[in-house]
Structure formats: structure tokens, C-alpha cells
Amino acid sequence: MGRSPCCDKVGLKKGPWTPDEDQKLMAYIQEHGHGSWRSLPSKAGLQRCGKSCRLRWINYLRPDIKRGKFSLQEEQTIIQLHALLGNRWSAIATHLSKRTDNEIKNYWNTHLKKRLIKMGIDPMSHKPKNDTILSKSGCLKITTNLSHMAQWESARLEAEARLVKQSKIQSMSLNPLPMQLNSSACSMTSTIGPPSEYLDLDKDIVHEKGNEVWEYKILRMKWRSLMT
DNA sequence: AAGTCCTTCAACCGCCCGCTT
DNA sequence: CAAGCGGGCGGTTGAAGGACT
Numbered sequence: 001m002g003r004s005p006c007c008d009k010v011g012l013k014k015g016p017w018t019p020d021e022d023q024k025l026m027a028y029i030q031e032h033g034h035g036s037w038r039s040l041p042s043k044a045g046l047q048r049c050g051k052s053c054r055l056r057w058i059n060y061l062r063p064d065i066k067r068g069k070f071s072l073q074e075e076q077t078i079i080q081l082h083a084l085l086g087n088r089w090s091a092i093a094t095h096l097s098k099r100t101d102n103e104i105k106n107y108w109n110t111h112l113k114k115r116l117i118k119m120g121i122d123p124m125s126h127k128p129k130n131d132t133i134l135s136k137s138g139c140l141k142i143t144t145n146l147s148h149m150a151q152w153e154s155a156r157l158e159a160e161a162r163l164v165k166q167s168k169i170q171s172m173s174l175n176p177l178p179m180q181l182n183s184s185a186c187s188m189t190s191t192i193g194p195p196s197e198y199l200d201l202d203k204d205i206v207h208e209k210g211n212e213v214w215e216y217k218i219l220r221m222k223w224r225s226l227m228t
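Numbered by full-length UniProt numbering, the letters in the first sequence go through residues 1 to 228 in order.
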């Protein structure tokens with residue numbers, strides 16, 4: 001059976017949000033929380049569908065959002081995480097506090113992807129375009145390790161997401177158990193980890209262009225930063 | 001100054017997944 | 001177990017503004 005549309009589209013407004021609509025949405029959420037997105041628009045007096053409200057809140061109105069130029073550190077983090085995770089923007093966003101998945105996705109598509117292409121790096125595989133030559137000369141091991149690392153990282157992120165969800169549920173029930181969560185998170189990260197080969201690998205891939213230096217210290221460095 | 005092309009990014013769309021009934 | 005629903009995600013679009021001719 002086909003699913004019903006997320007909202008009754010007749011009479012609902014689309015397109016850019018007006019300051020008045022923003023104000024209504026913010027005022028409502030600050031007072032009541034968003035609750036069910038589907039029912040929020042009518043309660044808040046908005047002629048929008050719930051999805052549109054959710055998107056507007058998450059990507060623009062939320063108070064804990066950082067806007068403006070991405071720092072070099074942020075750019076490097078995005079590139080490193082993209083190498084590991086691919087186009088999993090929401091997963092990447094969890095590692096860049098105050099940045100939204102939409103913003104990261106846009107920044108990748110409009111800036112970083114083009115920059116990598118200019119540097120002769122395939123933005124999807126994060127490998128130099130003339131990869132076949134490099135593979136023969138030893139980079140194959142790095143590529144293989146990256147693939148293993150990505151698999152492990154995927155699993156770790158999923159576990160982390162579960163913990164966050166669990167934490168939210170517990171805090172909402174006014175009976176948070178931060179110590180338990182922290183200890184379980186610690187035990188997870190200390191007992192589960194990448195194979196020792198990742199920790200021993202010292203090879204970095206470095207590309208230079210003009211004043212820009214891009215370091216692909218994905219393996220050892222990334223692992224360390226994820227644990228901090 | 002006017003017209004065209006290019007870039008950016010907010011917002012929409014469709015699909016998927018997990019939960020509930 | 002299957003259907004229905006809501007939320008979330010990634011891909012795509014199109015308006016707006018800037019750059020270029």
C-alpha cells in the first residue's frame with residue numbers, strides 16, 4: 001500500500017521562509033519543544049508542512065548552530081571523514097559540532113570537491129587519479145587499510161548513535177544515567193578499536209599546492225582524534 | 001549599463017528505516 | 001506479520017547574487 005503524503009500539500013506555503021514565519025517557529029519550539037513535527041505547523045500557526053519546519057529549525061534556526069566560513073581544521077576534518085565514511089553527511093556532522101549536515105554537504109559540493117579535483121585527487125575514492133601506478137608502488141596497503149578502517153568506523157558511529165539516542169531517552173524521562181553511559185562508551189572505545197596495524201602505520205599521504213598542505217593522516221591521527 | 005554565465009546555498013523531494021498498531 | 005506513520009537522510013533544484021563580457 002502506498003504511503004500517504006507527509007502533509008496535506010494543498011494550501012501549504014513553499015519556498016523561502018519569511019522573518020515572521022521564523023519568529024513563529026522559534027517562539028513555538030522555545031516554549032513547547034518541537035514534539036511531533038507533523039502537528040507542529042498548525043499548533044504554531046504556520047502554513048508549512050512539518051518537514052519544512054523541521055528542516056528550517058535544524059539547518060537555520062537552532063540556537064547552537066555555527067555559521068560562516070569553515071576553518072582549515074574543519075575542512076581537514078570533513079575531508080578525512082569523507083574519506084572514511086563517504087557521503088554520510090549526518091555522520092560527518094556529528095564530528096563537527098555546531099555544523100549541520102546540509103551545510104557540510106553544500107560546502108563539500110561547492111568547495112572541497114572542486115579543490116580535490118584540482119589537486120588531482122578523486123573526490124570519491126580520495127585517491128590520486130593515477131592510482132594504478134601508486135597501487136603498484138605500495139599505496140595499495142593504505143587503500144586496503146582505509147577500507148577496513150571505514151568499516152570499523154561505520155560500526156563505531158552506529159554504536160555511538162545508539163548511545164546518543166539512549167541518552168536522549170533517558171534524559172527525557174528525567175532519570176539520566178550519565179555515568180553508566182559514559183562508562184559504557186569508554187569501555188566500547190577501549191575494548192573495540194581498529195586492528196593494531198592501523199595504530200602502527202606511520203605513512204601519511206601529503207599533497208601540496210601553493211600554500212596549501214593537505215595531510216591525509218587518516219589512520220593513526222584520525223583514530224587518536226576520535227578517541228579524544 | 002545591460003546581458004549572460006557561474007556559484008552558492010536554502011529548501012524541496014523521494015526514499016529508507018524503525019516504531020507502533 | 002503486515003500496514004501505516006513519522007522522522008531522518010542524501011540527492012537535487014532553483015532563486016539570488018556576484019563575476020564576467
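Note that the Cβ used here is the ideal one computed from N, Cα and C, for glycine as well.
Where the alpha helix (DSSP H) through Ser90 begins and ends: That run of the alpha helix (DSSP H) goes Trp89 to Ala93.
Expected contact under 8 Å - CB spacing of Lys98 and Asp64 to nearest Å: Separation of the CB atoms of Lys98 and Asp64 is rounded to 6 Å, and the pair is thereby assigned contact status at 8 Å.
DSSP three-state assignment for Ile121, whether helix, strand or coil: Correct three-state label for Ile121: strand.
Reference Leu84; option with closest CA among Lys13, Lys127, Met26 and Arg38: When the alpha-carbon of Leu84 is set against those of Lys13, Lys127, Met26 and Arg38, the nearest one is in Lys127.
Close beta carbons around Asn102, own chain, < 6 Å, minus the five adjacent residues each side: Answer for Asn102: Asn59, listed in chain order.
Whole-angstrom distance between Thr94 and Gly45, CA atom to CA atom: Here the alpha carbon of Gly45 sits roughly 32 Å from the alpha carbon of Thr94.
Per-residue DSSP class, three states only, for Pro128: Residue state, collapsed to three classes: strand.
Residue burial classification, Arg62 (beta-carbon count within 10 angstroms, cutoff 16): Burial is judged here by how many other beta carbons sit within 10 angstroms of a residue's own beta carbon; Arg62 has fewer than 16 and is exposed.
Same chain, Cβ closer than 6 Å to Met179, neighbours up to 5 away in sequence not counted: Low confidence applies to Met179: its pLDDT is 29, below 50, so where it sits in the model is not reliable, and the reading given next is rough at best. Contacts found: none.
Spatial distance of Lys66 from Glu75 (CA atoms): Cα to Cα, Lys66 sits roughly 14 Å from Glu75.
Selection from Arg54, Arg48 and Thr110 that minimises the alpha carbon distance to Ser36: Ranking Arg54, Arg48 and Thr110 by CA distance to the CA of Ser36 puts Arg54 first.
Arg62 (DSSP reduced to helix, strand or coil): Three-state result, Arg62: coil.
Element boundaries [alpha helix (DSSP H), containing Lys24]: From DSSP, the alpha helix (DSSP H) with Lys24 extends over Pro19 to His32.
Burial state of Glu21, where buried means 16 or more other Cβ atoms lie within 10 Å: Buried is the call here.
Assigned secondary structure, Pro16 (DSSP; H/G/I helix, E/B strand, else coil): In this structure, Pro16 counts as coil in the three-state DSSP scheme.
Terminal residues of the alpha helix (DSSP H) in which His82 lies: Where His82 is concerned, the enclosing alpha helix (DSSP H) stretches over Leu72 to Leu85.
For Gly68 and Ser125, the rounded distance between their alpha carbons: Going by C-alpha positions, Ser125 is about 28 Å away from Gly68.
Backbone CA spacing between Thr18 and Trp57 [nearest angstrom]: Each residue's alpha carbon lies about 13 Å from the other.
Exposure label - Asp200; buried when at least 16 CB within 10 Å: Per-residue confidence for Asp200 stands at a pLDDT of 31, beneath the threshold of 50, marking its modelled position as unreliable; no derived number is given.
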